[in-house]
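**Q** Supplied in structure tokens, the structure appears directly below.
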Amino acid sequence: MKQRKLVIGLLVMLAVAVSGFTFAFWAGSVTGNNDTASGTVTIGAGDTVATTVTVGDETSAGALVPFGLSGVSAGSPVEYVLLTFDVAWDSTDDLGDGTVGALSVAIGDREVNSVEFNSLFLVSYQIGGAAPTVTTGASSYSLTGTADTAISADAGSTVPVYVLVQMTEPTTEGIYDDVTGQDVVFTVTFTVTP
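Numbering (my numbering), first residue to last: 1 to 194.
Below is the structure:
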């Protein structure tokens with residue numbers, strides 16, 4: 001009986017000790033994914049321009065962690081990356097200056113080392129309008145898609161496109177290991193329809 005109680009006591013102590021060292025997969029650091037960046041894109045006459053974005057190359061604010069969890073993560077993590085592209089329409093055909101077209105955006109697969117992770121890295125966008133205000137918290141944030149898609153040819157001005165990147169919590173340690181320390185790469189395609 002004493003030996004049984006001793007074994008049970010040791011198992012309980014072992015369980016407490018092991019649980020004290022357990023941490024969520026994301027609590028480490030997924031480096032190379034950062035806070036904010038901007039770029040300029042010029043589109044020719046009714047053309048499509050594809051821009052490949054490597055999130056790790058954009059800034060160096062900190063590691064990207066799941067939304068709402070920066071407070072319990074190591075280092076100086078960020079919960080989102082907000083990219084800003086200033087899009088200009090440079091008409092090279094018979095369209096007159098000031099011709100109005102519609103700007104559209106398409107987001108490609110989010111990849112790490114050429115492996116798709118669309119469900120792990122969420123990307124939303126907003127065309128035009130005021131710069132979005134993104135706040136930290138317990139739930140994710142999504143951009144509205146469009147505020148105003150109108151773009152003028154040869155206007156000498158640009159239309160801002162905001163692209164927001166967030167990370168969900170990896171469901172397995174294997175997925176976490178696949179993305180830790182790696183860059184997230186995706187394509188943003190800008191198209192003007194006259």
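All residues carry an ideal CB built from backbone N, CA and C; glycine is no exception. In this text the structure is predicted, and so the values were computed from the model without any measurement.
(1) Classify V185 as helix, strand or coil using the three-state DSSP reduction.
(2) Does the separation of the CB atoms of A88 and T158 fall below 9 Å?
(3) Measure the C-alpha to C-alpha separation of A63 and Q182 and round it to an integer number of angstroms.
(4) Helix, strand or coil: how does DSSP classify V72 here?
(5) Rounded to a whole number of angstroms, what is the C-alpha to C-alpha distance between E169 and V179?
(6) Using a threshold of 9 Å, state whether the C-beta atoms of M167 and V65 are closer than that.
(7) Starting from the Cα of T133, find the closest Cα among L164, E111, S70 and Y176 and give me that residue.
(8) Tell me which same chain residues have a C-beta within less than 6 Å of the C-beta of S114, skipping the five on either side of it?
(9) What residues in its chain sit with their C-beta under 7 Å from that of I107, if we drop five residues either side in the sequence?
(10) What did DSSP end up calling V179 once you bin it into helix, strand or coil?
(11) What does the alpha-carbon distance come out to for the pair N118 and E111?
(12) Measure the Cβ-Cβ separation of S100 and A153 and say whether it is below 9 Å.
(13) Quick one: what's got a C-beta closer than 8 Å to F23's C-beta in the same chain, skipping five residues either side?
(14) Quick check: what's the CA-CA separation for G174 versus F67?
(15) Given a threshold of 16 other Cβ atoms within 10 Å of its Cβ, counted over all protein chains shown, does E116 qualify as buried or as exposed?
**A** Quick look at the numbers:
(1) strand
(2) yes
(3) 10 Å
(4) helix
(5) 11 Å
(6) yes
(7) L164
(8) none
(9) V123, Y125, F186 and V188
(10) helix
(11) 7 Å
(12) Sequence check: residue 100 is Val here, not Ser. Contact: yes.
(13) Unreliable positioning characterises F23 in this predicted model, as indicated by a pLDDT of 35, which lies under 50. A coordinate reading is not provided.
(14) 20 Å
(15) exposed
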